[in-house]
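Chemist: Provided herewith is a single structure, encoded as structure tokens, for subsequent inquiry.
There are 2 protein chains.
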Amino acid sequence: MVDVARRAGTSTQTVSRVLSRPELVSEATRVLVEKAVRELNYIPNSAARLLASTTSRIVAVIIPSLSATVYAREVDQIIRVLEPASFSVMIGHSDYSERREERLIQSFLERRPDGFILTGTQHTDLARELLKNSGVPVVETFDGDNDAMDISVGFSNYEAGRKVGDLFRSRGLTRIAYVGGRIEQDFRSNARFDGLDSRLREDGLAPVARIQLKLPMSARDGVAGLDQVLDVDPLTQAIFFSADALAISALLECNRRGVRVPEQMALCGFGNYDLADATMPALTTVAVPFETIGELAATAILDRINDRVKEPRRITLPLQLLRRGSA
Amino acid sequence: MVDVARRAGTSTQTVSRVLSRPELVSEATRVLVEKAVRELNYIPNSAARLLASTTSRIVAVIIPSLSATVYAREVDQIIRVLEPASFSVMIGHSDYSERREERLIQSFLERRPDGFILTGTQHTDLARELLKNSGVPVVETFDGDNDAMDISVGFSNYEAGRKVGDLFRSRGLTRIAYVGGRIEQDFRSNARFDGLDSRLREDGLAPVARIQLKLPMSARDGVAGLDQVLDVDPLTQAIFFSADALAISALLECNRRGVRVPEQMALCGFGNYDLADATMPALTTVAVPFETIGELAATAILDRINDRVKEPRRITLPLQLLRRGSA
DNA sequence: TTGTAAGCGTTATCAC
DNA sequence: GTGATAACGCTTACAA
Numbered sequence: 002m003v004d005v006a007r008r009a010g011t012s013t014q015t016v017s018r019v020l021s022r023p024e025l026v027s028e029a030t031r032v033l034v035e036k037a038v039r040e041l042n043y044i045p046n047s048a049a050r051l052l053a054s055t056t057s058r059i060v061a062v063i064i065p066s067l068s069a070t071v072y073a074r075e076v077d078q079i080i081r082v083l084e085p086a087s088f089s090v091m092i093g094h095s096d097y098s099e100r101r102e103e104r105l106i107q108s109f110l111e112r113r114p115d116g117f118i119l120t121g122t123q124h125t126d127l128a129r130e131l132l133k134n135s136g137v138p139v140v141e142t143f144d145g146d147n148d149a150m151d152i153s154v155g156f157s158n159y160e161a162g163r164k165v166g167d168l169f170r171s172r173g174l175t176r177i178a179y180v181g182g183r184i185e186q187d188f189r190s191n192a193r194f195d196g197l198d199s200r201l202r203e204d205g206l207a208p209v210a211r212i213q214l215k216l217p218m219s220a221r222d223g224v225a226g227l228d229q230v231l232d233v234d235p236l237t238q239a240i241f242f243s244a245d246a247l248a249i250s251a252l253l254e255c256n257r258r259g260v261r262v263p264e265q266m267a268l269c270g271f272g273n274y275d276l277a278d279a280t281m282p283a284l285t286t287v288a289v290p291f292e293t294i295g296e297l298a299a300t301a302i303l304d305r306i307n308d309r310v311k312e313p314r315r316i317t318l319p320l321q322l323l324r325r326g327s328a
Numbered sequence: 002m003v004d005v006a007r008r009a010g011t012s013t014q015t016v017s018r019v020l021s022r023p024e025l026v027s028e029a030t031r032v033l034v035e036k037a038v039r040e041l042n043y044i045p046n047s048a049a050r051l052l053a054s055t056t057s058r059i060v061a062v063i064i065p066s067l068s069a070t071v072y073a074r075e076v077d078q079i080i081r082v083l084e085p086a087s088f089s090v091m092i093g094h095s096d097y098s099e100r101r102e103e104r105l106i107q108s109f110l111e112r113r114p115d116g117f118i119l120t121g122t123q124h125t126d127l128a129r130e131l132l133k134n135s136g137v138p139v140v141e142t143f144d145g146d147n148d149a150m151d152i153s154v155g156f157s158n159y160e161a162g163r164k165v166g167d168l169f170r171s172r173g174l175t176r177i178a179y180v181g182g183r184i185e186q187d188f189r190s191n192a193r194f195d196g197l198d199s200r201l202r203e204d205g206l207a208p209v210a211r212i213q214l215k216l217p218m219s220a221r222d223g224v225a226g227l228d229q230v231l232d233v234d235p236l237t238q239a240i241f242f243s244a245d246a247l248a249i250s251a252l253l254e255c256n257r258r259g260v261r262v263p264e265q266m267a268l269c270g271f272g273n274y275d276l277a278d279a280t281m282p283a284l285t286t287v288a289v290p291f292e293t294i295g296e297l298a299a300t301a302i303l304d305r306i307n308d309r310v311k312e313p314r315r316i317t318l319p320l321q322l323l324r325r326g327s328a
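For the record, the sequence lines run as chains R and W. As numbered in the numbering used here, residues 2 to 328 make up the first sequence, in order. As numbered in the numbering used here, residues 2 to 328 make up the second sequence, in order.
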């Protein structure tokens with residue numbers, strides 16, 4: 002910056018102004034400085050800027066894993082919103098573990114991010130305390146069922162479960178199973194199960210099976226889930242899978258085995274992934290607005306950073322049950 | 002840090018040492034300092050550290066888009082390698098545009114990253130110059146066909162095209178089509194086409210159709226690609242899709258239309274995604290080691306950062322043609 | 001093994 | 001509209 006100032010015949014302060022608040026500088030000197038910047042290929046040092054101004058223009062994002070389509074596409078949208086606002090995005094994997102999330106928060110805090118976007122509302126006490134002490138705005142996503150620290154952008158997993166229960170019951174099915182992630186890992190999947198469960202109880206029923214897959218799941222696990230369900234209750238009539246990838250591979254497996262969907266086995270997915278409507282029959286599923294979540298979470302954190310919004314708020318997005326052929 | 006030092010009864014220098022090179026400090030004072038750190042919930046400021054030491058422990062990663070499974074899973078692995086080495090990862094989307102990549106590089110450089118991981122070897126002149134001037138190590142991925150700036154981790158897209166050509170020719174097919182991304186966007190897809198093309202030419206043939214889809218592609222585009230191919234040449238016998246998602250949706254569409262795969266239409270994908278072996282017939286495809294690429298790219302950048310490796314090198318991973326039912 | 005002093009590259013503050 | 005000066009919070013270099 003000193004070099005630029007020298008070349009432009011100004012002080013570093015003026016260079017700084019040209020870069021961050023050009024409206025305060027006269028046209029003439031601004032042009033001069035900009036020329037010097039270009040000629041010297043000057044690139045500002047954001048660490049120095051942060052040190053002097055205490056704003057990093059970094060947002061830290063913690064998701065379970067980028068390998069899960071949902072989160073990858075959420076983050077995709079987050080980046081699309083934050084980048085034009087000249088925020089950089091740092092990403093960490095919690096791997097569905099609160100402890101790992103806590104460690105990540107701790108290490109991200111060293112970067113003095115201007116905001117955090119977390120997944121879910123389940124965090125360790127220390128994590129909460131660290132965040133609170135730091136005063137950094139936090140947005141929690143994907144969980145509209147529980148209280149958030151400040152701002153939340155999500156949907157009700159519980160409602161999703163109930164909707165699917167409704168659907169199955171409307172078709173008169175009674176032997177209904179659930180396939181999701183491990184109970185101690187996947188809190189949001191648990192909420193979907195609870196919703197399904199509560200809906201069935203209203204009719205005096207209970208899920209015939211609840212299969213817990215180890216996270217992260219791969220599509221292949223859909224077949225394993227199907228088999229485990231049939232092990233527990235060979236007469237199962239319907240399965241709610243906690244992710245479309247699972248449901249699709251189970252559906253294709255049913256095709257292969259000659260099990261008629263939905264007559265012999267009704268299948269419902271969750272997410273509405275790309276290929277959900279390509280199968281035969283097309284997959285009935287719950288459309289989850291994960292890209293909207295990313296967009297709104299990023300917008301919310303910007304609003305909070307810029308003090309445009311002061312109060313806590315909870316944004317709950319509607320879910321849509323896409324009734325297609327498989328259930 | 003001053004507070005910590007005061008509480009521990011030492012100088013800030015000693016605190017600094019305890020944090021970064023504890024082996025230089027006596028057991029007794031170390032314990033004292035660590036206690037003070039804990040009690041005060043002290044979190045170091047990495048900007049100050051960077052300013053003083055010129056190492057940010059940040060690696061910048063630029064990929065076309067996180068919505069493409071390949072890149073999401075590559076980045077997943079990159080994070081898994083870099084995080085334990087206490088590097089943070091910043092991510093940007095080039096959206097398949099060199100200009101956007103250039104702008105990203107420029108803005109990431111303000112963070113003084115210790116390394117860059119880029120996608121492909123195609124960059125603007127300015128981008129190359131900026132990187133060269135900055136002296137930051139660069140790893141280029143996914144392109145083993147062209148020269149890299151320094152280190153490259155990839156595979157030969159050209160070879161992939163040839164392999165698929167081999168396969169189709171070994172089955173005696175002559176009317177072969179290609180479905181990929183726009184020629185001016187997707188250089189790596191172009192290389193696959195070139196490989197296929199060159200292989201066919203050896204037998205005096207040429208592709209009957211080359212469909213260019215606009216990026217980013219969704220699975221749905223597979224059906225569009227299929228239709229466009231049939232428009233150009235209704236007698237097409239085989240299609241090589243530049244991504245599994247496309248091939249899978251085309252395959253399912255063939256099932257739906259009663260087009261027999263591979264007898265009437267042979268289909269080959271690229272990538273070996275999760276659901277590729279779930280279809281009926283299972284999808285023949287080229288297995289792309291995208292997670293290995295992420296892992297090796299991250300390892301390579303660490304090696305370079307730590308000066309464990311001095312010379313440029315090109316790591317070319319082998320591709321495997323997975324011959325399953327669809328071709 | 002520990003402490004002192006200088007400096008990293010910017011911005012805030014206040015003066016002009 | 002512009003400039004001088006003092007931070008910002010750490011590490012490097014050197015001294016003790």
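Backbone N, C-alpha and C define an ideal beta-carbon position, used for all residues, glycine too. Note that the coordinates shown come from a computational prediction; the quantities given were computed from them, not determined experimentally.
Using a threshold of 8 Å, state whether the C-beta atoms of W/Leu323 and W/Thr285 are closer than that.
Modeler: Translated into positions along the second sequence, residue 323 of chain W becomes position 322. Translated into positions along the second sequence, residue 285 of chain W becomes position 284. Taking 8 Å as the Cβ cut-off, W/Leu323 and W/Thr285 qualify as a contacting pair.
Chemist: Hey, out of R/Ile59, R/Pro65, R/Val3, R/Ala53, whose CA is closest to R/Ala37's CA?
Modeler: Within the first sequence, numbered from 1, the residue matching residue 37 of chain R stands at position 36. Minimum Cα distance to R/Ala37 is reached at R/Val3.
Chemist: Nearer than 7 Å: is that true of the beta carbon of W/Ile44 relative to any heavy atom of the ligand GDP?
Modeler: With respect to the ligand GDP, the structure shown offers nothing to examine, as it has no ligands at all.
Chemist: Taking Cβ positions only, does R/Gln83 come closer than 8 Å to chain W?
Modeler: If you number the first sequence from 1, residue 83 of chain R lands on position 82. It is worth fixing the name first, because residue 83 of chain R is Leu in this sequence and not Gln. Not one chain W Cβ lies under 8 Å of R/Leu83.
Chemist: Please state whether the Cβ-Cβ distance between R/Gln238 and R/Leu174 is less than 8 Å.
Modeler: Stepping through the first sequence from its first residue, residue 238 of chain R is reached at position 237. Stepping through the first sequence from its first residue, residue 174 of chain R is reached at position 173. Taking 8 Å as the Cβ cut-off, R/Gln238 and R/Leu174 qualify as a contacting pair.
Chemist: Give the interface partners of R/Val38 over in chain W, defined as CB-CB distance under 9 Å, in chain order.
Modeler: For the purposes of this step, residue 38 of chain R is identified with residue 37 of the first sequence, where counting begins at 1. Per Cβ cutoff of 9 Å: no residues; R/Val38 is ~12 Å from chain W at best.
Chemist: Spell out the partners DSSP gives R/His94 in its beta bridges.
Modeler: Within the first sequence, residue 94 of chain R is the residue found at index 93, counting from 1. In DSSP, R/His94 forms a bridge with R/Ile64.
Chemist: Are the Cβ atoms of W/Val262 and W/Leu247 separated by less than 8 Å?
Modeler: Taking the first residue of the second sequence as 1, we reach residue 262 of chain W at position 261. Taking the first residue of the second sequence as 1, we reach residue 247 of chain W at position 246. Not closer than 8 Å, so no.
Chemist: Quick one: which chain W residues come within Cβ less than 8 Å of R/Met266?
Modeler: The sequence position of residue 266 of chain R within the first sequence is 265, counting from 1. None at all; the shortest Cβ gap to chain W is about 16 Å.
Chemist: Excluding sequence positions up to five away, which residues of its chain have a Cβ less than 6 Å from the Cβ of R/Leu132?
Modeler: Against the first sequence, residue 132 of chain R aligns to sequence position 131. Contacts found: Val139.
Chemist: Provide the residue(s) that pair with R/Ser89 in DSSP beta bridges, ordered along the chain.
Modeler: Numbered from its first residue, the first sequence carries residue 89 of chain R at position 88. DSSP lists R/Ile59 as partners of R/Ser89.
Chemist: What is the rounded straight-line gap between the Cα of W/Ser27 and the Cα of W/Leu52?
Modeler: Here residue 27 of chain W corresponds to residue number 26 of the second sequence, with the count starting at 1. Here residue 52 of chain W corresponds to residue number 51 of the second sequence, with the count starting at 1. When rounded, the distance between both Cα atoms is 27 Å.
Chemist: Shorter than 8 Å from the beta carbon of R/Ile63 to some beta carbon of chain W?
Modeler: By 1-based counting over the first sequence, the position of residue 63 of chain R is 62. For R/Ile63, the answer is no, since every Cβ of chain W falls outside 8 Å of its Cβ.
Chemist: Report yes if the CB atom of R/Ile240 is closer than 8 Å to the CB atom of R/Ala220, and no otherwise.
Modeler: Stepping through the first sequence from its first residue, residue 240 of chain R is reached at position 239. Stepping through the first sequence from its first residue, residue 220 of chain R is reached at position 219. Against a cut-off of 8 Å, the Cβ pair of R/Ala220 and R/Ile240 comes out as no contact.
Chemist: I want to see whether chain W comes within less than 8 Å of R/Pro45, judged by CB atoms only; does it?
Modeler: Counted from its first residue, the first sequence places residue 45 of chain R at position 44. Judged by the 8 Å Cβ criterion, R/Pro45 is in contact with chain W.
Chemist: So is W/Thr70 in contact with chain R if we call contact Cβ pairs under 8 Å?
Modeler: In the second sequence, residue 70 of chain W corresponds to position 69, counting from 1. Yes, W/Thr70 counts as interfacial toward chain R.
Chemist: With DSSP run on the structure shown, which of helix, strand or coil describes R/Ser47?
Modeler: The residue you call residue 47 of chain R lines up with position 46 of the first sequence. Helix, per DSSP.
Chemist: Starting from W/Tyr179, trace the beta strand (DSSP E) in both directions and tell me its first and last residue.
Modeler: Translated into the one-based positions of the second sequence, residue 179 of chain W becomes position 178. Start and end: 177-182.
Chemist: What does W/His94 reach in chain R if we use C-beta pairs closer than 8 Å?
Modeler: By 1-based counting over the second sequence, the position of residue 94 of chain W is 93. Simply Asp77, Ile80, Arg81, Glu84.
Chemist: I'd like to check one pair, W/Tyr179 with W/Phe194: are the Cβ atoms closer than 8 Å?
Modeler: Taking the first residue of the second sequence as 1, we reach residue 194 of chain W at position 193. Taking the first residue of the second sequence as 1, we reach residue 179 of chain W at position 178. Yes. Within cutoff.
Chemist: For R/Leu214, does the three-state DSSP call read helix, strand or coil?
Modeler: Counting from one through the first sequence, the residue named residue 214 of chain R turns up at place 213. R/Leu214 falls in the strand class under three-state DSSP.
Chemist: Consult DSSP for R/Phe156 and reduce its assignment to one of helix, strand or coil.
Modeler: As a first step, residue 156 of chain R is located in the first sequence; it is residue number 155 there, counting from the start. Three-state result, R/Phe156: coil.
Chemist: Does R/Leu206 come out as helix, strand or coil in the three-state DSSP assignment?
Modeler: Taking the first sequence and counting its residues from 1, the one referred to as residue 206 of chain R is at position 205. Coil at R/Leu206, not helix or strand.
Chemist: For R/Arg163, which option in R/Asp198, R/Val154, R/Gly182, R/Asp146 has the closest C-alpha, if you only look at C-alpha atoms?
Modeler: In the first sequence, the residue the question calls residue 163 of chain R occupies position 162. The candidate whose alpha carbon is nearest that of R/Arg163 is R/Asp198.
Chemist: Using a 10 Å radius around the Cβ and a threshold of 16 neighbouring Cβ atoms, would you call W/Pro23 buried or exposed?
Modeler: Taking the first residue of the second sequence as position 1, residue 23 of chain W is located at position 22. The residue is exposed, with fewer than 16 neighbouring Cβ atoms inside 10 Å.
Chemist: Determine, using beta-carbon pairs with one atom in the segment 119-133 of chain W and one in the segment 95-104 of chain R, whether at least three such pairs fall under 8 Å.
Modeler: The segment 119-133 of chain W vs the segment 95-104 of chain R: no contact.
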